[in-house]
Amino acid sequence: MATIPHILAPRIAGMNGIRHGFFGRQGGTSEGIYDSLNLGLGSDDKPKAVMRNRRLVADQIGATEVDHLLSCHQVHSDIAILATMPWGPNRPQADGMVTNLPGIALCILTADCVPVLFADRKAGVIGACHAGWKGALGGICEATIAKMEEAGAQRKDIHAAVGPCIGQESYEVGPEFRDTFLAEAPWSANLFHPGEGDRFHFNIETFVKNRLTKQKLAWVDVIGHDTCEMDDMYFSNRRRNHRGEPDYGRQGSVIMLED
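For what it's worth, the working numbering labels the leading residue of the sequence shown as 19, then goes sequentially.
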């Protein structure tokens, strides 16, 4: 089986019994603006191409069935759920997933938002969340950690990895966006760098890292790839908007306990 390009988080990669990967846009079967590893069930790509791509990722991560690669209907919430079995096409509305069952692969879909993978090897509990700005500010990372604790994890043993997401130089926002953050998280003021006119450039990657660090986890890795800037490696909604394209693909960040 050919290896599908993906990035590993150093600490989680060293854990026996846990498979994971931050997959980009390379190595799939989709064409055109979805070239090529589009995993987005909600995109306008050909459904058969998306399912072939998901099969490739499931094989790469070691899931025995493609329906064991679970994705939620992500809604920029603070909702994290426990995955106890494959849920088929009726995806639950949530932005965080947790499981303690081997063979269930948790797949977060992004195209600039922040994917976070979590692992407590001692307890045999893993998690994953989709942290767009609303979810990050609203507490999706904290909700996912809490759900992991309900499943038997201890935060002092949880390792987290912040995956590829939009970088600060690419993430231009307005003053009302900054005001929203400062009202809820005054400590984030230094994450907004002045841009042209009344614009700012926001470092959402560091915002998420800092939120995770405050949870006193064992470790937080940061991949540090700018999805908007790295056209050949990642899908990006912000880049799509700049180009006026009608749609965009989604890359997957995946973690699974081995059988």
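Yeah, the Cβ is synthetic: ideal placement off N, Cα and C, and Gly gets one too.
Owing to the predicted nature of the structure, the values given are computational and were not obtained by experimental measurement.
- Shown here for residue 80: same chain residues with a beta carbon closer than 7 Å to its own, the five before and five after excluded, namely 37, 274 and 276 in chain order.
- For the stretch 47 to 101, the continuous beta strand (DSSP E) assignments of 3+ residues that do not extend past its boundaries occur at 98 to 100, in sequence order.
- DSSP assignment within the stretch 187 to 233 yields the following whole alpha helix (DSSP H) runs of 4 residues or more, N-terminal first: 193 to 202 and 222 to 231.
- Nearest to residue 233 by alpha-carbon distance, out of 271, 163 and 217, is 163.
- A direct Cα-Cα distance of roughly 24 Å separates residue 157 from residue 87.
- Beta-bridge partners assigned by DSSP to residue 271: 40 and 126.
- The DSSP-derived three-state label of residue 135 is strand.
- For residue 114, the enclosing beta strand (DSSP E) has its first and last residue at 114 to 117.
- Looking at the DSSP output, residue 25 bridges to 40.
- Where residue 45 is concerned, there is no enclosing alpha helix (DSSP H), because DSSP gives it neither an H nor an E.
- Annotation: residue 145 is outside any alpha helix (DSSP H); the continuous beta strand (DSSP E) that includes it extends over 143 to 149.
- Fully enclosed alpha helix (DSSP H) runs of no fewer than 4 residues are not present anywhere in the stretch 165 to 190.
- In this structure, the alpha-carbon of residue 150 lies about 15 Å from that of residue 196.
- Looking at the DSSP output, residue 237 sits in a beta bridge with 177.
- One alpha carbon belongs to residue 26, the other to residue 39, and they sit about 5 Å apart.
- Counting other Cβ atoms within 10 Å of its Cβ, residue 55 reaches 16 or more and is therefore classed as buried.
- Around the beta carbon of residue 117, 16 or more other beta carbons sit within 10 angstroms, so the residue counts as buried.
- Apart from the 5 residues on each side of it in sequence, residue 257 sits with its Cβ closer than 6 Å to the Cβ of 246 in its chain, given in chain order.
- 7 Å or more divides the Cβ of residue 225 from the Cβ of residue 191.
- If the five residues before and after residue 74 are omitted, its C-beta is found closer than 6 Å to the C-beta atoms of 22, all from its own chain and listed in chain order.
- Under the Cβ criterion (8 Å, minimum of three pairs), the stretch 124 to 140 counts as touching the stretch 170 to 179.
- Exclusion of the five residues before and after residue 263 leaves 51 as the residues of its chain whose Cβ lies within less than 6 Å of its Cβ.
- DSSP links residue 244 through a beta bridge to 183.
- By the criterion of a C-beta distance shorter than 8 Å, residue 218 is surrounded in its chain by 190, 191, 192, 193, 195, 196, 210, 211 and 212, once the five residues flanking it on both sides are discounted.
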